[in-house]
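A.B. asks:
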Amino acid sequence: MAKGLFESPKKALLFVGMTMFSVAMLVGTENDEGALIKAASAIDPGGQAPDARYMGNTPSQDRADPYRDDAPPTVFASDEDLIDSAEGFDPTPEGVEPYEPETDLGASETQVVRIEPGDRPEVGF
Numbered sequence: 004m005a006k007g008l009f010e011s012p013k014k015a016l017l018f019v020g021m022t023m024f025s026v027a028m029l030v031g032t033e034n035d036e037g038a039l040i041k042a043a044s045a046i047d048p049g050g051q052a053p054d055a056r057y058m059g060n061t062p063s064q065d066r067a068d069p070y071r072d073d074a075p076p077t078v079f080a081s082d083e084d085l086i087d088s089a090e091g092f093d094p095t096p097e098g099v100e101p102y103e104p105e106t107d108l109g110a111s112e113t114q115v116v117r118i119e120p121g122d123r124p125e126v127g128f
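Going letter by letter, the sequence shown gives residues 4 to 128 in my numbering.
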């Protein structure tokens, strides 16, 4: 449908026109209220502020002001206190030698196997 809709300019123009009309009906125009504004006014006629008893116990601006004059001054730590000296202990166990794998795998000579075309390799153990 979407591919066939924009193949002709007339269909695309009709789609744009219908979309604009739908938006104008929903949101409204300069002279006419839309469906959203009508629904909002039906829910809250007059656009009144909420009642104070529903606001809860919020602190006043004076009590919640973090920048008041009687607040203690902020003291920053020095750089020496913030930098870690990275001292610690060596986690390597004592008395244990590190593992060294055996390097001799049993083959002392290099063997080259040559397979000619038409030969079948023997498989066996």
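For every residue, glycine included, the Cβ atom is placed at its ideal position computed from N, Cα and C. Every value quoted in this text rests on a predicted model; they were computed, and no experiment measured them.
Among all the DSSP beta bridges, which residues are the ones paired with Gly31?
C.D. replies: BP columns for Gly31 point to Glu36.
A.B. asks: Can you round the beta-carbon distance between Phe18 and Leu8 to whole angstroms, since I take them to be within the 8 angstroms contact cut?
C.D. replies: Contact holds; Cβ gap of about 6 angstroms.
A.B. asks: Could you give the first and the last residue of the continuous alpha helix (DSSP H) run that contains Glu83?
C.D. replies: Note, Glu83: alpha helix (DSSP H), Asp82 to Leu85.
A.B. asks: Measure from the alpha carbon of Phe24 to the alpha carbon of each residue in Lys14, Val115, Ala74 and Gly37, then state which is nearest.
C.D. replies: The residue with the shortest Cα to Cα distance from Phe24 is Gly37.
A.B. asks: Per DSSP, what kind of secondary structure is Thr95 in: helix, strand or coil?
C.D. replies: Thr95 falls in the coil class under three-state DSSP.
A.B. asks: Going straight from the alpha carbon of Glu105 to that of Ile118, what length do you get?
C.D. replies: C-alpha separation (whole angstroms): 32 angstroms.
A.B. asks: Excluding the five sequence neighbours on either side, which residues of its own chain have a C-beta within less than 7 angstroms of the C-beta of Ile40, listed in chain order?
C.D. replies: Cβ neighbours of Ile40 beyond the five flanking positions: Gly31.
A.B. asks: Roughly how many whole angstroms lie between the Cα atoms of Asp35 and Lys14?
C.D. replies: Looking at the two C-alpha atoms, the distance is approximately 28 angstroms.
A.B. asks: Which same chain residues end up closer than 8 angstroms to Leu16 when comparing Cβ atoms and leaving out the 5 residues on each side of it in sequence?
C.D. replies: Nothing listed; no residue qualifies.
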